[in-house]
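Residues 1 to 308 in full-length UniProt numbering are what the sequence shown spells out, letter by letter. Every residue gets a Cβ at the ideal spot worked out from N, C-alpha and C, and that includes glycine. None of the values given here were measured: they were computed from a predicted structure. Beneath this line is the structure, given in structure tokens, with notes to follow.
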Amino acid sequence: MNFAYHAIYAVCCLVSLLPLRVLYCLSDVLFFIVYHVVKYRRPLVRKNLTDSFPDKTAEWVAGVERAFYAWLCDYFVETLKLLTISKRQISRRMRFVGHEQLSERLRQGKTCSLYLGHYCNWEWITSLPLLVDEGICSQIYHPLENRGIDMLFQRLRSRFGCTNIEMDNSFRTIVTWKKQQRPNIVGYIADQVPGLHNVHCWVDFLNHDTPVFTGAEKITMLTGAEVFYADIERPRRGYYVCTFKPMPLPPGGYVKFHYTRLYFSMLEDSIRRAPQYWLWSHNRWKRTREQFNKEYSEEERRRMLSRL
């Protein structure tokens with residue numbers, strides 16, 4: 001396995017050394033292969049877009065679909081570039097707005113929960129420690145099946161100082177930091193589909209009745225974290241702007257699933273602004289309320305939906 005990892009890493013590093021303008025030429029070639037030849041998950045992407053935007057024309061859906069695949073190939077080469085990109089270049093291409101809010105919370109000894117989605121280039125956000133160094137910057141990750149690829153992603157995600165927390169160890173790690181009074185920022189990408197046994201909440205998201213993860217909110221409440229949403233925009237190819245937006249409590253105080261529902265509302269706003277930059281190839285709605293109701297009794301469902 002070490003040999004496989006080092007072989008993959010060596011090849012990826014060599015590719016990563018190419019200038020971004022050359023990598024984008026490679027991305028254009030990949031787009032032709034992925035979109036026209038392999039037709040990677042095109043029926044799923046088309047269905048997700050059509051169901052999410054029922055008021056849009058077939059021409060609009062086809063245009064967004066094509067733009068999505070072009071961006072997906074850009075995401076691939078941009079992520080590889082993380083292996084060798086300089087601090088100066090990543091700071092110029094990945095700009096943060098409102099990061100002073102995070103620094104201030106860390107100086108106060110607080111924990112910050114940062115919600116984001118599989119939108120624009122979420123990998124480049126791992127350069128945040130270059131600006132915010134008052135505490136630990138970390139992100140939750142789900143180990144990939146291929147050990148070599150998993151090690152590669154852990155390496156590129158930690159290159160600028162971010163700490164990787166395996167999902168199964170996330171609760172223990174973050175609570176330990178809290179007890180040790182170690183201020184930290186934890187990034188949660190919480191827009192994937194949970195297993196039926198992990199469904200505790202449903203939200204209206206992109207015209208779908210959607211089961212969602214609630215673990216981020218559970219940890220947030222247990223640690224008393226300050227909560228922010230990372231709203232990412234792509235003004236042009238190879239450049240991103242991430243604005244940190246506070247996620248406030250409602251006027252009447254906290255209600256269960258408040259942060260989860262607010263997160264999906266803010267994420268939907270981001271997606272509707274520029275839909276081509278969300279991960280439409282993910283089978284997000286493969287689990288339905290009908291399956292959930294069939295799998296569990298009414299009493300079991302009531303118990304599951306009553307807790308975070």
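What span of residues does the alpha helix (DSSP H) with residue i cover, start to end?
i, result
"phenylalanine 96", "Premise fails: phenylalanine 96 lies in the beta strand (DSSP E), 94–97, not in any alpha helix (DSSP H)."
"tyrosine 263", "258–273"
"aspartate 150", "147–157"
"valine 255", "From DSSP, valine 255 is part of no alpha helix (DSSP H); its letter is neither H nor E."
"phenylalanine 31", "20–31"
From what residue to what residue does the beta strand (DSSP E) around residue i run?
i, result
"proline 5", "Here residue 5 turns out to be tyrosine, not proline, going by the sequence shown. First-last for tyrosine 5: 2–16, but that is the alpha helix (DSSP H), not the beta strand (DSSP E)."
"cysteine 120", "Segment: none, cysteine 120 is in no beta strand (DSSP E) and carries neither H nor E."
"glutamine 139", "136–141"
Please report the straight-line C-alpha distance between residue i and residue j, rounded to a whole angstrom.
i, j, result
"lysine 87", "glycine 195", "38 Å"
"leucine 30", "valine 241", "25 Å"
"phenylalanine 257", "tyrosine 5", "40 Å"
"histidine 197", "glycine 215", "13 Å"
"residue 317", "threonine 210", "No information on residue 317 is available, as it lies outside the stretch 1 to 308 that the chain covers here."
"leucine 279", "phenylalanine 228", "21 Å"
"cysteine 201", "tyrosine 141", "21 Å"
"alanine 225", "tryptophan 177", "12 Å"
"aspartate 106", "glycine 135", "Just to set this straight, residue 106 is leucine in the shown sequence, not aspartate. So the alpha carbons of these two residues sit roughly 6 Å apart."
"threonine 84", "methionine 151", "16 Å"
"arginine 21", "threonine 79", "14 Å"
What is the DSSP secondary structure of residue i, counted as helix, strand or coil?
i, result
"serine 297", "coil"
"tryptophan 124", "helix"
For residue i, count neighbouring C-beta atoms within 10 Å of its own C-beta (all shown protein chains included) and say buried if the count is 16 or more, exposed if not.
i, result
"phenylalanine 32", "exposed"
"methionine 94", "buried"
"arginine 261", "buried"
"lysine 286", "exposed"
"asparagine 2", "exposed"
"alanine 10", "exposed"
Entirely enclosed alpha helix (DSSP H) segments - the segment 163–248, minimum 4 residues: 170–179 and 215–223
If we require 4 or more residues per run, which alpha helix (DSSP H) segments fall completely within the segment 37–116? As summarised for the segment 37–116, the continuous alpha helix (DSSP H) elements at least 4 residues long and confined to that stretch are 42–52, 58–81, 87–93 and 99–107, given in chain order.
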